[in-house]
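>
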Amino acid sequence: MFTTKAFIKKNKVGNYLKHVREHYIRDDISCGLQECETCLPVESFLSPDHENKCSLFTSNHYLILDTNVVLDQMDILEESVIGNVIILHTVLNEVKHRSLPIYKRLCAVIENPSRHFYVFINDHHQGTYLQQNEGELINDYNDRCIRAACSWYINHAPKQKFVFLTDDSANRIKAQKEDIPSYTVSEYVQNLNTSGLTDKLSRKDFHGNDFTKDVFPNHLSNVELLTGIREGKLLQGTFRASRDNFLEGFVNVDSYEEPVIVQGRAGLNRSVDGDTVAVELLKEEEWVCPSEIILEDEGVGDESVDDVVTKENELQKATKKKSGAKPTGRVVGIIRRKWRQYCGILQGGIDGVYQMFVPADKSIPKIKIETRQAEFLRTQKLIVTIDSWPKHSRYPHGHFVRALGNIGDQTTENEVILLEHDVPHSQFSEEVLNCLPKMPWIITDDDVKKRVDLRHLDICSVDPPGCTDIDDALHCRPLADGKLEVGVHIADVSHFIRPGTPLDREAASRATTVYLVNNRIDMVPALLSSNLCSLRGGEERFAFSCIWEMDQNANILSTRFHKSIIKSRKAMTYEEAQLIIDDKTKQDALAEALRSLNKLAKIMKQRRLVNGALVLASPEVKIQMDSETMEPLDVEVKKLFETNSMIEEFMLQANISVAEKILEEFPDCAMLRRHPVPPATNFDPLVKAGRHLGFEIRVDSGKNLAKSLDEAVNTKNPYLNTMFRILATRCMLQAVYFVSGTYQKEEYFHYGLAVPLYTHFTSPIRRYADIIVHRLLAVICGADSTYPDLLDKNKTTELCQNLNYRNRMAQYAGRASIAFNTHGNYKMRKVTCCMSVKTPCKFLYHDMAWNVPYLWPKKAKRPIFLNTMKRTRHKKPEVWLFTLLTPL
Amino acid sequence: MSKNRELLSKIGLRQDGRRADELRRIRCKLGVFTEPDGSAYLEQGLTKVLAAVYGPHQVRGSRSKAQHDSAVVNCQFSMAVFSTGERKKRPRGDRKSTEISIHLRQALTAAIKVELYPWTQIDVYVEVLHADGGIYPACVNAATLALIDAGIPLKEYVCACTASLANNDVPLLDVSHQEEIIGGPTLTVAALPMSGKIVLMEMSQRFHVDHLQKVLDKALQGCKDIKSILDEAVKSHIQDVGSSTGWASTT
Ligand SMILES: [Zn+2]
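Line by line, the protein sequences are chains A and B. Read in order, the letters of the first sequence correspond to residues 1 to 888 in my numbering. Read in order, the letters of the second sequence correspond to residues 1001 to 1251 in my numbering.
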């Protein structure tokens, strides 16, 4: 059977276009019931053996869900007591359209055989397809389709019982009229004999009627919002809550350079950090300055707002228009919620079933939840999600999702960091592990034929101590007439990870290995990361080699790439390699090679610096502690050897050479990495700090910045320069992956390295981008084949977006882990420091990424890190007490 | 946009409800005009094409085009201005139309027994009324029917079909416009399905040779399926015409 769908759509230019699509209706779609004898047999996880134990019914039954149930009650659906669920294709599509994260979670449940879910393609089934009536709203049409499918099932399998769950009362009433047994999710769940499940119910309808007084102004309707935005009366933007002041936030509006300030209950009007909101600008005379005071929500869960009113007044006083008022507005409606799951703890001292949840993320408001296990939950870190925020409620309403573990446990805290930064960290699935090569892994003659055998070369690797995922190794040997052959050998991960396999998809989704202080979340299973791909000393491994011919001045005369087999002579640490270089009595081939490499690297580095590459201090500040007393002794930047920079130089050069090659061959779809030039205003804090300490930092070009950073040295204070460099890092934009065809040539530039072209090739074990680059390069060498997605600009752009997001999150997670551990391990010194925030201490820097403010008094030798976790507000609002992380 | 759409869903259905190896609905009719020597109308999904054949007749215009050992096949492809979502500025003469005209000629010349008509010319006009992906195959298939209607001797049917690759693995048959937009490479094949000869092959983007064979096999299978559909149409047409004139048996 055949029908067409016609609809009219507006195109980008503004013309109205008529789209007509085909829609085939089939007679070969199965109901998925094992008991059915009429339908064609089909793979279905529905099973008569699973029993839904709901006391509303005497017999076992199948569940059919409405879209709203999937969207709102995913936490319930993820519980294994519920099974034998039929998901209609209409519902699946609607969910996909409305919320991609929920859709992904639903798919995970559907694919799990033990959950007994089945997708019924009702919209292509001849018995359940309905035509949309003229003028019928899409929602009504979908509801009608869902009910039709329910009725069809009831008639199709009269011996079975089907139950329709929906939280939409209109739809439920209609369904009941059509003799479909229909219930709300809470009716159903409350009659399941499983304890604790009701806690997980999403609450949209918290005792809404016994409230007369509204705490917040109304939101405008969607239509009003859209009209307002179109007519320019309202502005659309992303809401960012202040971390320090629960009554203040900013809305980043695209067309405005500066964010719009929103303040107070009425101003914020139930926005939560990340939401897309509509704001209305206030009259210019009502504009205010951003507040510098810190206000914390001290509410204890009741609906009284007296304390908020006091604080609002306080805030008003503090921000009343002085000079420099900024655009101010108020939120009039929410366009899109960006609610997610939040980690945090329960607030102590509240009795009863209604509890207050305090998110770890300071920009998220407290959430009210209903639970019957508060006593236990108070000892736990938990995950809670927001369901709704009615105007009569001071707090958003949510429900408990799950407990992570005891507060303060290392594993719990790691879990919190991973969840808060959206790091995928579950165990690798069976499907993924099945893609791994079978052990024992041996190199076959066939492998040898396809690769260049470099096992005779003196190759070695140099890494930090304790490194088990070694992805690079080097060699260097003299050629005739004084030339040198230098080779960089990178683990051939793409040999093991084939495109499109579950392993590949998992790695692409993880994008990077995440390093926490005492834990590592691998991008690929350990068999690859720590064994088969790791270029360990003395073992034969597959590599992708980049080999240059260089002269003594480190000029590249020729470059070639090929897959190879290598046998690393030795896996060294930076320190070991340094000792070999320095020990003049060592004259063996390896020592000579290291010396040549070191010499070349120095020339290359010098050349790079002359070109304007920035050397920014690593933010990995190490705090040395006295092992006995656990008192902090010193703040230092991690010690670096010459060999650190030696390895770095060759890796940079390999990346550059590969970038040139893949761009030449794939001008449209090469995966590259760019580092945009930061806008001048980004440097303001650096320039100001420099002026204050008597240095002129020039930021007009990378070269000048590098130069003035070099010159900003105070011999009495060696930390000062490092400090400037740390500050400079903070002014930079993030470097990002992109696809060559989507940017102009000039935009390929990498600002930090001062090179026109760059990519990532050298760490395929821990970065997915490198795997893609390897695949591109392998195609060029004729060592491997392409596949459509590799050459698809749009697909690769999507991939880049994920890689960039995951990388950023991995970086933040790493820092959060350092911050937690340094705080955690400190035996806090009871030194407090008073400082006026109103006239901010001139040396107070607030490092947003670390969320660690630090002081640097003139006399001090080093910065003093302040512990924000232990700050308390002094009686006067503008004085703050910090506990110090470092002694004065 | 493409992020939310996939060519082949996890349950194995395409956007429009077809399975990977199913053709779109093909409907066709021969002899739709009286003026030309042969004509046909063909729908492949929503792609709708008219074809008309004139000839063989004397070579018109410059005599030098005429060939002593075969007929000259002249093809003209055009698209009605209303055939696409956005109105086209002109029906023919753009690069794409010229290219399709040339490709049509290549495919048809391979099927027509041109050696039977030296010093003559056969004109084939094809017009797309509605475009919804797979324009070229629809044109070839319609032209074949029009040639049959005109009574021009063919070696065999010439049929064309597209195929693509979904999820980097599964070959898709007969790609619709919507699927063309979502992406993936499209392979177009015109073939003489009975002898299995390929007369034209074109790819929309780089395609690795490893995948080519299975996609090509799929496309050839599509050509064979189309051939049997066209064959049915021709038979029923002959029966209709025959019964109305009374010389064919109507059993
Ligand atoms: Zn059935």
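Just so you know, even glycine gets a beta-carbon here, dropped at the ideal spot from N, CA and C.
Spatial neighbours of Asp168(A) within its chain, please: C-beta separation below 7 angstroms, excluding the five flanking residues on both sides.
Asp66, Asn68
> Which runs of the alpha helix (DSSP H) fall wholly inside the segment 659-744 of chain A and span at least 4 residues, in chain order?
Considered as a whole, the segment 659-744 of chain A harbours 684-692, 702-711, 718-731 as its complete alpha helix (DSSP H) runs of no fewer than 4 residues, in chain order.
> Of all the residues that make up the segment 1180-1194 of chain B, which are near chain A by a beta-carbon distance shorter than 9 angstroms?
Gly1183, Gly1184, Pro1185
> Given this structure, state the Cα-to-Cα distance separating Ile662(A) from Gln552(A), to the nearest angstrom.
Ile662(A) and Gln552(A): Cα-Cα distance of roughly 27 angstroms.
> Run the Cβ filter for me: residues under 7 angstroms from any heavy atom of ligand 1, listed in the order they occur in the chain.
Ser30(A), Cys31(A), Leu33(A), Cys36(A), Thr38(A), Cys39(A), His156(A), Ala157(A)
> Is it the case that the segment 1164-1175 of chain B contacts the segment 1076-1086 of chain B, given that we only count it when at least three CB pairs across the two stretches are under 8 angstroms?
no
> In chain A, which residues lie less than 8 angstroms from Asn1168(B) when you measure between Cβ atoms?
Pro499, Gly500, Tyr787, Pro788, Asp789
> If we call anything under 7 angstroms between Cβ atoms a contact, is Lys338(A) one with Asp254(A)?
no
> Quick check on Tyr103(A) - is its C-beta less than 7 angstroms from some C-beta in chain B?
By this cut-off, Tyr103(A) is not an interface position.
> Cα separation between Ser195(A) and Asp668(A)?
Rounded to the nearest angstrom, the two C-alpha atoms are 57 angstroms apart.
> So, is the C-beta of Tyr24(A) closer than 7 angstroms to a C-beta in chain B?
Yes, Tyr24(A) lies at the interface with chain B (some Cβ there is under 7 angstroms from its Cβ).
> By the 8 angstroms beta-carbon criterion, what residues does the segment 1064-1096 of chain B contribute toward chain A?
Gly1085, Glu1086
> At a CB-CB cut-off below 8 angstroms, which residues of chain A make contact with Gln1178(B)?
Arg21
> Going along chain A, which residues have a C-beta under 8 angstroms from Arg1018(B)?
Tyr24
> Name the chain A residues that come within less than 7 angstroms of Leu1013(B), Cβ to Cβ?
Ile121, His124
> Verify the CB distance criterion: does Gly1045(B) have a CB-CB separation below 7 angstroms to chain A?
yes
> When DSSP builds the beta bridges, which residues end up paired with Ile345(A)?
Val358(A)
> For the pair the segment 1142-1151 of chain B and the segment 1203-1210 of chain B, tell me if three or more CB-CB distances fall below 8 angstroms.
no
> Got a sec? Which residues, its chain only, sit under 6 angstroms from Asp72(A) by beta carbon, not counting five neighbours each side?
Ser202
> Using CA atoms only, rank isn't needed, just tell me which of Ile771(A), Leu474(A), Leu247(A), Lys381(A) is closest to Leu310(A).
Sequence inspection shows Thr at residue 310(A); the Leu mentioned does not correspond to that position. Of the listed residues, the one whose Cα sits closest to Thr310(A) is Leu247(A).
> Quick check: the Cα distance between Met732(A) and Arg808(A), rounded to an integer number of angstroms?
13 angstroms
> For Asp668(A), decide whether its Cβ has a neighbour in chain B, counting only Cβ atoms nearer than 7 angstroms.
no
> In the DSSP assignment, what residue or residues form a beta bridge with Asp463(A)?
Thr573(A)
> Give the DSSP bridge partners of Ala892(A), in chain order.
A query on residue 892(A) cannot be resolved here, the shown segment of chain A reaching from 1 to 888 and no further.
> Just how far apart, CA to CA, sit Gly267(A) and Leu100(A)?
30 angstroms
> Between the alpha carbons of Asn867(A) and Lys570(A), how many angstroms are there, rounded?
Residue placement at Asn867(A) is flagged as unreliable, the pLDDT there being 47, under the threshold of 50; a coordinate-derived value is accordingly withheld.
> By DSSP's criteria, Pro1171(B) is part of a beta bridge. Which residues make up the other side?
Leu1165(B)
> On the criterion of 16 or more Cβ atoms from any shown chain inside 10 Å, does Asn112(A) qualify as buried, or is it exposed?
exposed
> Along the segment 1208-1221 of chain B, where does the CB come closer than 8 angstroms to a CB of chain A? Name the residues.
His1208, Val1209, Asp1210, His1211
> Just checking: is the beta-carbon of Leu1165(B) within a distance shorter than 7 angstroms of some beta-carbon in chain A?
yes
> Considering only their Cβ atoms, is the gap separating Arg147(A) from Ala175(A) smaller than 7 angstroms?
yes
> Which residues in the same chain as Arg699(A) place their Cβ atom closer than 6 angstroms to its Cβ, once the five residues preceding and following it in sequence are excluded?
Reading off the sequence shown, one finds Val at residue 699(A), where the question assumed Arg. Phe683, Leu705.
> Looking at chain B, is there any beta carbon in it that lies within less than 7 angstroms of the beta carbon of Asp446(A)?
No, because no Cβ of chain B sits closer than 7 angstroms to the Cβ of Asp446(A).
> Cα separation between Asp409(A) and Ala601(A)?
44 angstroms
> Could you check whether the Cβ of Asp792(A) sits closer than 7 angstroms to any Cβ belonging to chain B?
Using a CB distance cut-off of 7 angstroms, Asp792(A) counts as an interface residue toward chain B.
> Do you know how far the Cα of Ile407(A) is from the Cα of His823(A)?
Note that His823(A) scores a pLDDT of 49, beneath 50, so its modelled location is shaky; the value from the coordinates is reported in the next line. Cα atoms of His823(A) and Ile407(A): separation of roughly 15 angstroms, rounded to the nearest angstrom.
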